[in-house]
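Enquirer: Sending over a structure as structure tokens; questions will come in a sec.
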Amino acid sequence: MTAKIVPVIMAGGSGTRLWPLSRAQHPKQFLKLSPDGYTLLQATLLRLKNLSCEEPILICNEEHRFLAAEQMREIGISAKIILEPEGKNTAPAVALAAAYQNKKDKDSILLVLAADHVIQNQTAFEQGIHQAIELANDNKLVTFGIVPTHAETGYGYIEKGAEVLSGYSVKKFVEKPSLDVAEQYLASGLFLWNSGMFMFKTGIFLEQLSQHAHDIYETCEKSIEDTTLDLDFIRINAEIFSQCRSDSIDYAVMEKTQDAVVIPLDAAWSDVGSWSALWDIQNKDEHGNVLHGDVISIDSKNSYCHSNNKLVSLLGVENIIVIETKDAVLVADKSKVQDIKKIVESLKKENRTEHFNHREVYRPWGKYDSIDHSSRYQVKRITVKPGEKLSIQMHHHRSEHWIVVSGTAKIHKGKESFLLTENQSTYIPLGEIHALENPGKLPLELIEVQSGSYLGEDDIVRFEDIYGRC
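The numbering of the sequence shown is numbering that gives the first Met the number 0, which starts it at 0 and goes up by one.
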């Protein structure tokens, strides 16, 4: 292996196909859906442990940055985290990573992976990577094609051409086919599923991008020239990047270049694109059911049930999906799960919030759970991690009562600071500058009761914040 392998992990998606577990603020790559108990992002990073890679580059949405950093901290892996001010599809995302890496080593090899895939055959995955290195060193742009197991209409396909070293030239990319066309592809043995994973030299990719999508190349180059460090995050020039058009790497480069090659990968891969796809890859009981959480199943078959909080009972049902969270329940026919996006669209039209975040919301300092609310009050259970601190802030439209349930709270209110312990409380008047921190070694739990004319999260004026959110 002559060149460095630098993984590029695309973690910017905010898909809706796994609602209600997946939300815009907590999409599927951050959910513990991997068969090994890790989140999909964590499993993607751990998959690289035997490949002697350099520190990864993670492309992440602004609003997910602390979630991504915390999940990497949990597994002891660090990465360069480039923040996208807004999602622009995969071509600009990879272009940002390539432009950043090109400053260090244009001959390094980028291994581009999605953060939300499941790959269960680690050996086959590693073999495919080693095969691709030979082609990338020969200045080819490598994509990985999944050996199809059935006639799938939800994926794009790649038609294999002539053999090239350890892979094949790409004869053509094709869009998602109808069922009869997919069956023809499967029978021919010439077609592979398009996985959306790639490998190429940094400089070679940028040359091809400049040739085939020069506007994206130029905009991303300018965006990455003007970066600032924010804690462990790399911020690009948002104003310049906003001018970049949205496009996939397939359309922008891979379908136009003469140097595209494909490596067949038979590694038990899934993009976990629906609840039925998740049912496919999970271990099932003797009746074909996948059951997570507090679930009782009687005379039920071939179903997927995920309970987060409550007892869920299945009786005499087949081929259904049941997902229970604190604030939403989904019951769906397994054959209809591709239409879940219609539910999300309906929630958006009705100006509801269940598509956007969970009742329990994670923050860099911990989390809060909105346990009750009405038009004039809201009750939250707040958990602050040891050593963490909320921003120094004030509110124009609400006052707050804090009651400590467990742990020790250090309160900053106006010009005074004091400690509160279990069963003690304090009152924060409307307009009072205040802050909350956990000086102890155990989690701080408290109940916050908000009251006022407006209780939205945007009624926060921050004066100082250790997480750079001012």
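No residue lacks a Cβ here, since even glycine has one placed at the ideal position from N, Cα and C.
At what residue ranges does the stretch 270-313 contain a whole run of the alpha helix (DSSP H), taking only runs of 4 or more?
Expert: Those alpha helix (DSSP H) runs which fall completely within the stretch 270-313 and span 4+ residues are 274-280.
Enquirer: Give the straight-line distance between the Cα atoms of W18 and G272, rounded to the nearest whole angstrom.
Expert: Residue 18 sits at position 19 when you count from the first residue of the sequence shown. Residue 272 sits at position 273 when you count from the first residue of the sequence shown. The straight-line gap from Cα to Cα measures roughly 11 Å.
Enquirer: Just to confirm, is the Cβ distance from G467 to L230 under 7 Å?
Expert: Within the sequence shown, numbered from 1, the residue matching residue 467 stands at position 468. Within the sequence shown, numbered from 1, the residue matching residue 230 stands at position 231. Yes. Within cutoff.
Enquirer: Would DSSP call R64 helix, strand or coil?
Expert: Within the sequence shown, numbered from 1, the residue matching residue 64 stands at position 65. Correct three-state label for R64: helix.
Enquirer: Taking only the alpha-carbon atoms, compute the straight-line gap between E323 and G144 and give it to the nearest angstrom.
Expert: For this step, residue 323 is matched to residue 324 along the sequence shown. For this step, residue 144 is matched to residue 145 along the sequence shown. Whole-angstrom Cα-Cα distance: 35 Å.
Enquirer: In or out: P55 buried (at least 16 other Cβ within 10 Å) or exposed?
Expert: Position 56 of the sequence shown, counted from the first residue, corresponds to residue 55. The residue in question, P55, is buried, as its Cβ has 16 or more Cβ neighbours within 10 Å.
Enquirer: Could you check whether the stretch 417-430 touches the stretch 387-398, counting it as contact only if at least three pairs of C-beta atoms, one from each stretch, sit closer than 8 Å?
Expert: The stretch 417-430, when compared against the stretch 387-398, does touch it at the 8 Å Cβ threshold.
Enquirer: Rounded to whole angstroms, how far is the Cβ of I215 from the Cβ of C243, which I believe are closer than 8 Å?
Expert: Taking the sequence shown and counting its residues from 1, one reaches residue 215 at position 216. Taking the sequence shown and counting its residues from 1, one reaches residue 243 at position 244. Indeed they touch by this definition, with Cβ atoms about 6 Å apart.
Enquirer: Terminal residues of the continuous beta strand (DSSP E) containing Y361?
Expert: By one-based count along the sequence shown, residue 361 stands at place 362. Here the beta strand (DSSP E) through Y361 covers E359 to R362.
Enquirer: Out of H372, K366 and Q377, point me to the one whose CA is closest to P385's CA.
Expert: The count along the sequence shown starts at 1 and reaches residue 385 at position 386. For the residues H372, K366 and Q377, the minimum Cα distance to P385 belongs to K366.
Enquirer: Can you check which of these residues, R16, M196 and R22, is closest to T352 by C-alpha distance?
Expert: Against the sequence shown, residue 352 aligns to sequence position 353. Among R16, M196 and R22, the Cα nearest to that of T352 is on R22.
Enquirer: Mark S222 as exposed unless 16 or more other C-beta atoms lie within 10 angstroms of its C-beta, in which case mark it buried.
Expert: Sequence index remark: in the sequence shown, residue 222 carries index 223 (1-based). When all chains shown are included, S222 counts as buried.
Enquirer: Pairing CB atoms from the stretch 280-289 with CB atoms from the stretch 145-165, are three or more of them under 8 Å?
Expert: With a cut-off of 8 Å, the stretch 145-165 and the stretch 280-289 do not count as touching, because too few Cβ pairs lie within range.
Enquirer: How should K388 be labelled, buried or exposed, when 16 other C-beta atoms within 10 angstroms of its C-beta is the threshold for buried?
Expert: Indexing the sequence shown from 1 puts residue 388 at position 389. Buried, because 16 or more other Cβ atoms sit within 10 Å of the Cβ of K388.
Enquirer: If I measure Cβ to Cβ from N49 and keep anything under 7 Å in the same chain, skipping five residues before and after, which residues do I get?
Expert: Residue numbering aside, residue 49 sits at position 50 when the sequence shown is read from its first letter. The answer, listed in chain order, is E125.
Enquirer: Between which residues of its own chain and G202 is the CB-CB distance below 8 Å, once the five residues before and five after are set aside?
Expert: By 1-based counting over the sequence shown, the position of residue 202 is 203. Closer than 8 Å at the Cβ level, and outside the excluded window around G202, lie N101, K105 and D106.
Enquirer: My output table needs one value for C219: the three-state DSSP class, helix, strand or coil.
Expert: Sequence index remark: in the sequence shown, residue 219 carries index 220 (1-based). Reduced to three states, the DSSP call for C219 is helix.
Enquirer: With a cut-off of 8 Å on the beta carbons, I'd call A276 and Q119 a contact; round off their distance for me.
Expert: As a first step, residue 276 must be located in the sequence shown, where it is residue number 277. As a first step, residue 119 must be located in the sequence shown, where it is residue number 120. A276 to Q119, Cβ: 13 Å. No contact.
Enquirer: Using the C-alpha atoms, what's the distance from F204 back to Q70?
Expert: As a position in the sequence shown, residue 70 is number 71, starting the count at 1. As a position in the sequence shown, residue 204 is number 205, starting the count at 1. Answer to the nearest angstrom: the Cα atoms are 29 Å apart.
Enquirer: So K159 packs on L208, CB below 8 Å; how close in whole Å?
Expert: Looking up residue 159 in the sequence shown gives position 160. Looking up residue 208 in the sequence shown gives position 209. That pair is no contact at about 24 Å.
Enquirer: Could you pull the start and end residues of the alpha helix (DSSP H) that I339 belongs to?
Expert: For the purposes of this step, residue 339 is taken as residue 340 along the sequence shown, with counting starting at 1. Taken as a continuous stretch (DSSP letters only), the alpha helix (DSSP H) holding I339 covers I339 to K348.
Enquirer: If you draw a straight line from the alpha carbon of I320 to that of S334, how long is it in whole angstroms?
Expert: Within the sequence shown, the letter at position 321 stands for residue 320. Within the sequence shown, the letter at position 335 stands for residue 334. Roughly 9 Å between the two C-alpha positions.
Enquirer: According to the neighbour-count rule (16 or more other Cβ atoms, all chains shown, within 10 Å of its Cβ), is N422 buried or exposed?
Expert: As a position in the sequence shown, residue 422 is number 423, starting the count at 1. Classification for N422: exposed.
Enquirer: Identify the residues that DSSP records as bridge partners of E162: which are they?
Expert: Counted from its first residue, the sequence shown places residue 162 at position 163. Per DSSP, Y167.
Enquirer: Could you pull the DSSP bridge partners for V330 from this structure?
Expert: By one-based count along the sequence shown, residue 330 stands at place 331. Paired residues: V321.
Enquirer: Taking C-beta to C-beta, are T382 and E344 nearer than 7 Å?
Expert: Walking along the sequence shown from the start, residue 382 turns up at place 383. Walking along the sequence shown from the start, residue 344 turns up at place 345. It is not a contact, given that the beta carbons lie outside the stated cut-off.
Enquirer: For a quick check, are the C-beta atoms of V117 and V93 less than 7 Å apart?
Expert: Reading the sequence shown from its first residue, position 118 is the one you call residue 117. Reading the sequence shown from its first residue, position 94 is the one you call residue 93. Taking 7 Å as the Cβ cut-off, V117 and V93 do not qualify as a contacting pair.
Enquirer: Hey, D298 and G315: beta-carbon distance below 7 Å or not?
Expert: As a position in the sequence shown, residue 298 is number 299, starting the count at 1. As a position in the sequence shown, residue 315 is number 316, starting the count at 1. Taking 7 Å as the Cβ cut-off, D298 and G315 qualify as a contacting pair.
Enquirer: What span of residues does the beta strand (DSSP E) with D179 cover, start to end?
Expert: Translated into the one-based positions of the sequence shown, residue 179 becomes position 180. Counting along the chain, D179 falls outside any beta strand (DSSP E), though it belongs to the alpha helix (DSSP H) covering L178 to S187.
Enquirer: What's the gap between the Cα of L66 and the Cα of R362?
Expert: For the purposes of this step, residue 66 is taken as residue 67 along the sequence shown, with counting starting at 1. For the purposes of this step, residue 362 is taken as residue 363 along the sequence shown, with counting starting at 1. Those two C-alpha atoms are separated by around 8 Å.
Enquirer: Consider the Cβ of A408: report whether some Cβ of chain B lies at a distance smaller than 7 Å.
Expert: No chain B appears in the structure shown, which is made up of a single protein chain.
Enquirer: With DSSP collapsed to three states, give me the class of D231.
Expert: Here residue 231 is taken as the residue at index 232 of the sequence shown, counted from 1. Note: D231 maps to coil in three-state DSSP.
Enquirer: On the three-state DSSP scale, how would you describe G127?
Expert: The residue you call residue 127 lines up with position 128 of the sequence shown. Of the three classes helix, strand and coil, the one that applies to G127 here is helix, per DSSP.
Enquirer: Report the residue from R380, Q183, G406 and S405 whose alpha carbon sits nearest the alpha carbon of E399.
Expert: One-based indexing of the sequence shown puts residue 399 at position 400. For E399, the nearest C-alpha among the options comes from R380.
Enquirer: Measuring CB to CB, does D246 end up less than 7 Å from A98?
Expert: On the sequence shown, position 247 is the one that residue 246 refers to. On the sequence shown, position 99 is the one that residue 98 refers to. It is not a contact, given that the beta carbons lie outside the stated cut-off.
Enquirer: Bridge partners of F172, per DSSP?
Expert: On the sequence shown, residue 172 is found 173 positions in, with the first residue counted as 1. Answer is I157, bridged to F172.
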